[in-house]
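Residue numbering for the sequence shown follows the numbering used here, beginning at 379 and increasing consecutively. Think of the CB as a built atom: it goes at the ideal place given N, C-alpha and C, for glycine as much as any other residue. All figures in this text were calculated on a predicted structure; none of them were measured in a lab. Only one structure is covered here, and it is reproduced in the block below.
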Amino acid sequence: MFSGIGPTGIILLVLIALLLFGPNKLPELGRAFGRTLREFKAGARDIMDDTSEDRKSKDRIEVNRTDDVQSNNKRLPD
Numbered sequence: 379m380f381s382g383i384g385p386t387g388i389i390l391l392v393l394i395a396l397l398l399f400g401p402n403k404l405p406e407l408g409r410a411f412g413r414t415l416r417e418f419k420a421g422a423r424d425i426m427d428d429t430s431e432d433r434k435s436k437d438r439i440e441v442n443r444t445d446d447v448q449s450n451n452k453r454l455p456d
């Protein structure tokens with residue numbers, strides 16, 4: 379996440395945040411950020427699950443169509 383920022387950069391960012399928001403507000407901001415990140419991950423997971431379920435249902439429909447076509451192509455011997 380912070381691959382481009384070294385340890386001194388992270389310390390500097392924390393100090394700036396501490397000066398801007400104060401020590402009482404930082405835990406609240408951290409909690410809000412954590413909740414937002416958790417909701418985002420859950421939403422992304424739901425979207426991925428929905429798309430995988432759609433693919434499975436499309437595959438099932440395709441298999442059913444193939445079975446129907448094969449059964450319609452069978453002819454009785456003359």
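Rounded to whole angstroms, what's the CA-CA distance from S430 to G384? Just pull it up for me. Here residue 430 is taken as the residue at index 52 of the sequence shown, counted from 1. Here residue 384 is taken as the residue at index 6 of the sequence shown, counted from 1. One C-alpha to the other measures close to 39 Å.
Whole angstroms is fine: what's the gap from I388's alpha carbon to G408's? On the sequence shown, residue 388 is found 10 positions in, with the first residue counted as 1. On the sequence shown, residue 408 is found 30 positions in, with the first residue counted as 1. CA-CA distance, I388 to G408, rounds to 15 Å.
Would you tell me roughly how many angstroms separate the C-alpha atoms of A395 and L415, rounded to the nearest one? Reading the sequence shown from its first residue, position 17 is the one you call residue 395. Reading the sequence shown from its first residue, position 37 is the one you call residue 415. Going from the Cα of A395 to the Cα of L415 covers about 19 Å.
Just the C-alpha distance for M426 and G382, rounded to the nearest angstrom, thanks. The sequence position of residue 426 within the sequence shown is 48, counting from 1. The sequence position of residue 382 within the sequence shown is 4, counting from 1. Taking the straight line from one Cα to the other gives about 29 Å.
From what residue to what residue does the alpha helix (DSSP H) around P385 run? Translated into positions along the sequence shown, residue 385 becomes position 7. Its alpha helix (DSSP H) spans residues 385-399.
Nearest-angstrom Cα distance between L393 and R413? For the purposes of this step, residue 393 is taken as residue 15 along the sequence shown, with counting starting at 1. For the purposes of this step, residue 413 is taken as residue 35 along the sequence shown, with counting starting at 1. Straight across, the Cα-Cα distance linking L393 with R413 is about 23 Å.
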